[in-house]
Structure formats: C-alpha cells, structure tokens
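Note sheet for the following structure.
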Amino acid sequence: MFKFLENRIDKTKKYSYLLEKIRNIDFNLKKLSAKELKEQTNRLKSLLNNGYSLEAILPEAFATVKEATKRALGIEMFDVQILGGIALHEGKIAEMKTGEGKTLVSILPAYLNCLNRPGVHIVTVNDYLAKRDAEWVTEVYNLLDIRVGLIQQDMHTKDRQKNYNCDVIYLTNSELGFDYLRDNMAIDTNNVVQKTFSFAIIDEVDSILIDEARTPLIISGPSETKSTKYKKATELANVLKNTMHYEIDEKNRNITLTDNGIIYCETFLKTANLYNIQDPWAQYILNALKAKELFLRNRHYILRGEEIVIVDEFTGRIMNGRRWSDGLHQAIESKEYLPIQKENKTLASITYQNLFLLYEKLSGMTGTAKTEETELDKIYNLAVITIPTNKQCIRKDFFDLVYKTEFSKWQAVAQECFLMNKKGRPVLVGTTNIEKSEMLAKMLEAYKLKYNLLNARPKNVNKEAEIIAQAGRKYALTISTNMAGRGTDIILGGNAKAMTKLIIISFIKNKTDYKNKRQLTSNILNQKIVNILDEYKNKIEIRSAINENLEAYLYKIITNKNLTNIQEIYLNEFYSKILKELKIILEKEKREVIKLGGLHVIGTERHESRRIDNQLKGRAGRQGDPGSSRFFLSLDDQLLRIFGGDKIKQVMQNLDIDDNTPIESTILNKSLDNAQKKVESYFYDIRKQLFEYDAVINTQRQAIYSERKKILETKFIRNCLIEYGQSTINEILSTSSNNDIVQYKTFERICKLFNIPLSLKIEKEDLLNVNTLKLFLYEQLYITYDLKEAYLEQLKPGLTRQLEKYYLLEQIDQAWQEHIERMSVLRETINWRSYGQQDPLIEYKNEAFNLFLDMTSYIRQTVVYLMMRSRLITNLNKNS
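Here the sequence shown is numbered in the working numbering, starting from 1 and rising by one per residue.
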C-alpha cells in the first residue's frame with residue numbers, strides 16, 4: 001500500500017519537474033526566429049545521433065512544439081495537454097474529456113518520436129477527421145520542418161506511397177488495415193505502400209480497439225459458388241413463428257431452431273436433413289431469420305438505391321463498402337427484395353487487435369476509456385491515465401427517469417425539449433437509431449419547434465459541419481444518432497470559425513441568393529455582415545475548378561500569410577472581416593447561453609456500453625462551461641427489457657404508478673449500471689475469444705507474410721526453390737518404408753514430380769540407403785533445375801526469375817486463401833469438441849497446426865512441380 005503511494009508521489013514529482021523544465025525552455029525559445037525554430041529539429045536529431053535518448057530530449061522537443069503551436073495557430077498549450085503528451089509518449093492511453101484539445105496533444109509525441117523513427121501514424125475513426133486534423137496542424141509541422149502525410153479512401157497507389165513516406169501520417173483505422181492486407185497480396189514491390197510499424201497514436205482509441213475489435217477486417221473476392229437458396233430461405237422465414245419454430249436470444253443476438261421448427265423446415269424444403277454437408281440449408285434459414293428479427297432497416301442499415309448500407313451502431317455513421325459476411329448480407333438483400341450479390345470468399349483478413357499489436361509502440365487518447373481499462377491492459381498492454389481537465393467540469397448529470405411505456409417516454413422527451421427551448425437553452429438529443437430520431441422529429445413538429453436532424457441518411461450527413469457549428473446557439477435544438485466519434489466540439493453560442501466558412505462557401509456558390517440561405521439566419525446576418533457580403537459580391541470570382549473542393553481551398557487561403565494573388569488576398573480579407581463580426585455576435589450569445597445553464601443533453605436510451613452514454617453526456621460542460629444531462633428511459637427499452645425490466649414493471653404495478661409518472665431512484669440507476677456492466681463483460685468475452693482464436697491464425701499469418709515479403713523483395717530466389725525441392729524430397733522419403741518395391745515407387749514418384757528422367761540407373765543398395773538416395777536425388781534436382789533454367793533463359797533472358805517469383809506468390813496466395821476457408825470451417829465446428837470433455841481452443845490449436853503443415857507442404861511441392869515441368873507454348877518474338 002505504502003509502496004503504491006510512494007510510486008504515485010514519485011510520478012507526480014516527475015511530471016511536475018518535466019512541466020517546469022518545458023516552461024523554462026519554452027521561455028527561451030520565444031526569442032528564436034522562424035528559421036532558428038525550424039533548425040531545432042536538426043538540433044534534436046543531432047542529439048539523438050550522439051547517444052541521447054528520447055526521454056532526455058523530451059522537454060526541449062515538447063517546448064519546441066508548444067512554441068510552434070502558438071506561432072502557427074495562436075493557441076497556448078495548457079499544462080494538462082503537455083501531461084497528455086507525456087502519457088502518449090510513454091505508450092499509455094490518455095483519457096481526456098471532450099473539448100480538452102486532444103488533436104493538439106497528439107503533435108507532441110508524434111514530433112518527438114518521428115525524430116528517430118519517421119512514419120508515426122495518427123489513426124482516427126473516419127476520413128473526415130483524418131483530413132480535418134491533418135490540414136489543421138500542418139502549419140505547426142511546417143514550422144518544424146516535418147512532412148505531414150494524409151491517407152484517404154480513394155487515393156491511388158503512388159499517392160499512398162508518397163504520403164506513407166512522410167514523417168507523420170494521418171489516416172483511418174480501416175485504411176491502415178486494408179493497406180496492410182493489400183501490401184501482403186501485392187505481386188510487385190512497386191505496389192507496396194506501407195513502411196515500418198513503429199509508433200501509432202490512436203484517436204478515439206476505445207472506439208477502434210474495443211468497438212471495432214468485434215469485427216475482423218476482410219478483403220474478399222467473388223466466389224465461384226452460386227446459390228439460389230436465399231429467396232427460398234426468406235420465403236420460409238416469413239412463415240416461421242417465434243417461440244413455436246425458433247427462439248431469439250437477444251443477449252447473444254442469436255437464433256436457434258426448435259425441434260418443431262426443424263421438422264417444419266425439412267417438410268417445407270422436402271429435404272431429409274437441414275444440416276446435410278452436401279446440401280446445407282440451416283445457415284441460410286438462420287441468416288434469413290436474423291435478417292427478419294435482429295437486423296432492422298433504419299437501425300442497423302439503410303437502403304440507398306438498390307444497395308444495403310450498414311450503419312455503425314456506435315457512431316451512427318454509414319459504412320460505405322462494408323458488407324456482412326457468411327451470407328448475412330445476401331439474406332438482408334433477399335428480405336428487402338433487392339438483387340442478391342454474389343457470395344464472397346475471404347482473400348485476406350486480420351483483426352484490429354493483431355493489426356495494432358504489430359506496432360513497436362502504441363498509445364491512444366479518448367474521452368472515455370476507464371470503463372474498459374481491464375481489456376485494454378490485458379489485450380494491448382495499455383494502461384489508462386486520466387488527465388485532469390484544464391477547468392473544473394461543472395455539468396449536472398441528473399438521475400435517469402424511467403417510464404412504464406415507450407410512448408410515455410417519448411412524450412416526456414418532447415415536453416423536455418419544448419420547456420428547454422422556451423427558456424432558450426440549446427438542447428442535444430441523442431437517439432440510438434435513425435427510426436427513433438425521425439419519430440422524435442415528427443413529435444417536435446407538433447410542438448412547432450425548429451430542429452436540426454443529424455443521422456446516417458445522406459441528406460443529413462452532408463449537413464453535419466453546419467449542424468454541429470450551430471448546436472450550441474441559443475434556441476438550437478439538435479437531434480442526433482450516437483455522437484461517438486463526431487470529432488467536433490459543440491461551442492456555446494456557436495462556432496464562429498466554422499460558421500464563417502459556411503457563410504463564405506454559401507456566398508460563393510449562391511451569390512444572388514445569400515440572404516435567403518437557411519443557415520444564414522436573420523439573427524446572424526446583421527446589417528454589418530450584409531454590408532460585407534455586398535462589398536465583396538463583385539470582388540470574389542472563384543474558378544469553377546476550385547468550386548469542387550472549396551472548403552480545402554478556403555482553408556489554404558486563411559492559413560497562408562504570404563498571399564500574392566489578388567483574388568486570394570480578397571478572400572482572406574473577406575474571411576477575416578466576417579469572422580471578426582461573427583465573434584462579436586456569438587460571444588454575446590455565449591454569455592446569454594451560459595446564464596441560461598449551457599447545453600442540455602437528453603439521452604433517450606441507455607446504450608449497451610457506458611462509454612457511449614458518457615460520450616453523449618460529455619458534449620455538455622466542455623472547458624468549464626455549465627451544462628446538464630438527463631436520460632429518459634422506458635421499460636420497453638432493449639437494455640431494460642433484457643435485464644430485469646419485468647421486475648421493475650411489477651413494482652410499478654404494485655405501487656399503482658400511472659404511465660406518465662416516471663421512477664427516479666439511486667437503486668434503479670445502480671441496477672442499470674450493473675446491466676451495462678454485464679453487457680460489456682459479455683462483449684469483452686466475445687472479443688477475448690476472438691483474440692485467442694485469431695492469435696493462432698495470426699502466428700501463421702505472420703509466417704506466411706514474412707516468407708512472402710522475403711520472396712517479393714529478393715531478386716535471386718533460385719535458392720528458395722532448391723530449398724523447397726530438398727524439403728519435399730525429405731518429406732516424401734520420411735514417409736517411405738525400407739522395402740525395395742515401396743522405395744522404388746517412392747523414387748518414381750519423386751522423379752515424376754521433379755521431371756527427373758526415369759531412365760536413371762540406381763543400385764539396389766543405394767535405393768535402400770535413405771541418406772545415399774537423398775543425396776542422389778538432391779544431385780538430380782540440381783542438374784534438372786540447371787537444364788530447365790538453361791532452356792527458359794534461351795527463350796527469354798530473365799524468364800526463369802520471373803517464373804520463380806510468379807509461381808511462388810501465386811501458390812502461396814491460393815493456398816493461404818484455401819487455408820483461411822478451412823480454418824473458418826474448423827472455427828465453426830470446434831466447439832462441439834467440448835461435449836467430449838475437450839478444450840475447444842487447445843483442439844483448435846492442434847488442428848490448425850496440422851492444417852498449416854499440410855498447406856506449407858502443398859505449397860513447396862506444387863511450386864517445384866510447376867517450375868520443373870513448365871513449358872512455354874506461345875511463340876516468343878524478339879520484342880516479347
């Protein structure tokens with residue numbers, strides 16, 4: 001106990017000492033010119049080359065970043081941000097509340113670590129945040145002579161290579177993962193984009209390492225197998241009845257057929273066995289039932305034309321290009337009467353757990369990680385450090401109100417919105433899905449309230465920046481699906497910079513109609529702003545090419561201090577004047593909103609994870625602002641229904657509580673917290689199990705990818721083929737017996753495999769002596785290979801090396817894909833071993849090891865066989 005306290009005191013002293021040292025160095029750096037500040041990077045690199053450690057130069061590096069941030073962005077870093085930077089450098093997770101400036105914090109460790117290990121990855125949850133963060137902080141890095149890269153979804157290979165070669169790279173977790181998999185499927189080094197995995201800083205680390213970790217990243221290709229069973233299974237699922245034919249396990253999100261259900265299905269399909277391996281039906285029926293009962297439109301997915309688009313349940317964002325695997329996506333397409341796309345087979349896959357464990361050093365930051373501390377420590381070896389807020393959080397979190405029925409709950413939510421709106425307080429309502437957000441919107445229309453709706457529908461997603469920029473304004477009423485990972489703070493009174501950009505973009509695109517634009521409301525467009533718009537109406541002429549990416553162009557103009565083009569100078573002036581005027585208006589409005597109590601957050605359902613609830617609450621009370629939060633629940637909510645809703649309903653009936661009277665109690669709040677802990681524990685077990693099973697295939701994946709990389713980067717791989725040939729000879733001879741007839745058949749088999757002439761004479765005693773036979777076959781392998789090489793080189797110089805590489809990579813990829821499929825089947829069936837008192841995981845490891853040995857043996861034999869027996873039929877002319 002005393003030791004623990006001593007450690008804490010030592011740690012605090014250490015951090016206090018570092019902060020004091022950084023302040024002192026920063027004071028001296030203020031005197032440096034821009035050129036001298038840029039030279040700091042070379043000076044620090046020189047110190048590292050002379051034996052200094054990163055820890056030794058940390059105070060000077062952090063002070064350099066602090067000064068560069070002040071010069072580039074006009075922002076003085078807080079001490080708590082410096083503390084966050086230290087935690088990140090030490091490979092920990094910094095838990096920092098919303099609005100504490102995590103984007104700036106990441107610059108500190110990124111700069112320090114890229115001095116000796118260029119290629120630091122800053123990973124975010126979506127393309128928008130990666131682009132926004134990279135553009136915002138580039139000015140800071142430019143002052144320090146550090147190159148910044150940005151990876152976006154639609155980038156070409158050359159652009160990706162260029163950006164991965166930078167010192168600090170901003171990218172999303174999915175692009176990072178898919179680039180890794182694509183690199184390990186490349187057939188030419190020119191197509192490889194990534195370098196080393198040295199250090200990663202993950203923004204919204206809990207979202208990526210916890211929420212996303214349930215689903216592996218998969219690159220798939222069209223399968224040759226076609227199935228017409230989906231429509232038949234959907235037709236059958238529509239007539240099957242819950243509890244009679246199947247049972248739903250809501251906790252585990254699973255469905256099982258009852259005995260009656262199995263008999264009914266077999267009769268309906270006229271089959272003797274639903275589980276027949278030659279003609280399986282069970283998986284199709286279960287997927288059709290899941291599509292019917294568990295995967296709902298406007299909650300788990302939306303329809304976009306003839307496409308099913310998945311909605312991320314944690315962030316409320318649409319997930320373009322993602323598809324559910326194992327036939328589930330096709331089952332949903334069938335349910336919605338859409339064209340059913342081909343089934344896919346897995347070409348390559350990896351879980352986020354194993355992807356991020358590739359890094360030599362890993363750290364992360366988020367507003368909510370303490371609830372998942374155990375998992376982050378056990379799986380990723382990441383400790384969570386809670387960084388204090390710069391200003392004390394004074395938000396009031398009221399007790400949850402629980403209503404008897406869902407209708408009563410939504411009535412109460414609408415009434416709360418109405419009352420808060422009358423006072424003028426900005427309100428943010430968090431909903432769990434699109435359907436509920438649109439239902440509330442209609443209820444608010446009945447109250448004649450103006451609102452902004454932010455959910456996964458494309459028309460609403462496009463207005464996200466505009467909606468969030470104004471969500472803290474007086475009378476603002478914002479309805480949003482889960483706010484996790486939005487990456488934008490709600491500023492009381494309104495975000496002046498964001499709103500200035502919106503005004504200018506709208507003005508440029510619609511000069512003649514700017515007074516009527518919805519976002520330019522009359523209380524913003526005062527006479528002074530209208531005069532500024534009129535002044536620049538004829539001055540600003542933006543080319544149509546710039547119009548396509550006007551926001552990026554505008555950002556470049558407002559951050560550039562050395563403009564020469566007259567149009568750009570006008571645009572910069574225009575921005576500055578509008579911003580100055582808006583700051584005056586919004587600062588006044590901010591004071592009014594603060595007096596009213598700040599932002600009020602309303603939760604409409606407890607999420608299965610406490611973190612998501614905390615993220616919603618965290619939108620209020622940033623940087624010492626006032627605010628409040630309240631959750632409105634009903635006994636029909638999923639979490640309450642699954643975990644003890646019946647008992648609470650019984651209590652309410654016994655007490656004769658009517659539908660419109662809510663329960664508010666400490667005991668109820670604790671029981672809800674316990675319910676969430678149970679769900680979190682359940683999903684942790686799923687992720688832990690996924691991690692344990694994937695660890696088996698991950699070892700194999702690393703071995704295959706390592707071998708593949710060696711082949712890809714080696715120009716002379718003849719020795720590899722010879723080695724494969726020798727291993728194959730050893731394997732075949734090891735299974736033979738010391739009998740002259742059997743041994744001769746083995747000898748014949750090897751000769752046919754390697755194209756060695758059967759006319760070779762070998763003495764009986766040499767045939768029976770395994771070592772002599774082995775050396776004889778080795779010699780014949782070398783001779784035959786030399787002859788094959790001479791033949792191929794005569795046809796075309798360099799052809800042998802090309803064929804070697806082609807056969808090796810082709811066979812490794814093909815065998816690995818088939819191996820993944822076998823491992824998937826093994827994973828699905830291995831749990832049955834538990835009925836025989838066997839540990840499924842140990843059995844899985846043993847079976848997987850044998851399958852891997854079979855695969856590597858098959859690769860070696862096939863590659864050597866193809867190389868030794870290849871003959872070119874095509875006519876090769878001089879130019880070929």
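Where is the CB? At the ideal position from N, CA and C, for every residue including glycine.
Go to residue i, then tell me how far its alpha helix (DSSP H) extends in each direction, as first and last residue.
i       : result
Ala-237 : 229-239
Tyr-791 : 770-795
Ala-412 : 406-423
Thr-699 : 666-713
Leu-586 : 566-596
Leu-799 : 799-829
Thr-374 : 373-380
Between the Cα of residue i and those of the options, spot the shortest distance and give me the residue it belongs to.
i       : options                            : result
Asn-455 : Thr-432, Asp-813, Leu-477          : Thr-432
Phe-399 : Lys-670, Gly-618, Cys-265          : Lys-670
Glu-828 : Gly-177, Glu-76, Leu-841           : Leu-841
Val-679 : Arg-641, Arg-708, Ile-663, Asn-660 : Arg-641
Gln-719 : Ala-213, Arg-801, Met-443          : Reading off the sequence shown, one finds Asn at residue 719, where the question assumed Gln. Checking every option, the nearest Cα to that of Asn-719 belongs to Arg-801.
Thr-371 : Val-402, Gly-99, Lys-677, Met-868  : Lys-677
Gln-411 : Leu-712, Lys-474, Met-443, Glu-375 : Met-443
Ala-815 : Ile-859, Lys-539, Val-825, Tyr-778 : Ile-859
Tyr-52  : Asn-116, Leu-269, Lys-290, Tyr-352 : Asn-116
Ile-208 : Lys-232, Asn-173, Leu-217          : Asn-173
Arg-253 : Asp-279, His-300, Leu-217          : His-300
Val-593 : Gly-627, Leu-382, Lys-537, Arg-611 : Gly-627
Leu-808 : Asp-786, Ile-717, Ile-783          : Ile-717
Thr-374 : Ile-783, Gln-702, Lys-688          : Lys-688
Lys-805 : Thr-699, Asp-377, Glu-713          : Glu-713
Gln-161 : Thr-196, Trp-136, Tyr-128          : Thr-196
Could you spell out where the beta strand (DSSP E) holding residue i opens and where it closes?
i       : result
Ser-727 : Here Ser-727 belongs to no beta strand (DSSP E); instead the alpha helix (DSSP H) covers 718-734.
Ile-602 : 599-603
Ile-122 : 120-124
Glu-95  : 93-95
In whole angstroms, give me the CA-to-CA distance for residue i and residue j.
i       : j       : result
Val-123 : Lys-788 : 49 Å
Tyr-15  : Pro-109 : 15 Å
Lys-515 : Leu-633 : With a pLDDT of 49 at Lys-515, under the threshold of 50, the predicted position of this residue should be treated as unreliable, and no value is reported.
Tyr-553 : Ser-437 : 34 Å
Phe-691 : Asn-831 : 16 Å
Ile-202 : Gly-101 : 14 Å
Asn-771 : Ile-750 : 15 Å
Ala-545 : Glu-445 : With a pLDDT of only 43 at Ala-545, under 50, the local geometry of the prediction cannot be trusted, and no value is derived from it.
Ala-56  : Glu-95  : 25 Å
Phe-418 : Tyr-447 : 7 Å
Val-311 : Gly-603 : 19 Å
Gly-472 : Lys-580 : 19 Å
Lys-710 : Glu-723 : 14 Å
Phe-507 : Leu-533 : 8 Å
Asp-259 : Tyr-246 : 9 Å
Tyr-451 : Val-427 : 10 Å
Glu-793 : Val-825 : 44 Å
Ile-107 : Ile-151 : 17 Å
Asn-526 : Ile-578 : 11 Å
Pro-339 : Lys-796 : 48 Å
Asp-133 : Glu-266 : 57 Å
Glu-818 : Leu-851 : 11 Å
Ile-566 : Asn-191 : 42 Å
Opposite residue i in the DSSP bridges: which residues?
i       : result
Tyr-246 : Asn-242, Leu-257
Tyr-301 : Arg-297, Ile-310
Val-148 : Val-168
Ile-859 : Its beta-bridge partners do not exist; DSSP assigns none.
Asn-452 : Thr-478
Tyr-403 : Ser-634
Ile-385 : Ala-94
Thr-366 : Glu-95
Thr-346 : Ser-220
Looking at the C-beta of residue i, does it have a partner C-beta in chain C at a distance below 9 Å?
i       : result
Asp-400 : Absent from the structure: chain C. Only one protein chain is present.
If you scan the region 170-220 from start to end, which runs of the alpha helix (DSSP H) of 4 or more residues do you find wholly inside it?
173-183
Starting from the N-terminal side, write out each stretch of the beta strand (DSSP E) that is 3 residues or longer and does not extend beyond the region 45-117.
93-95
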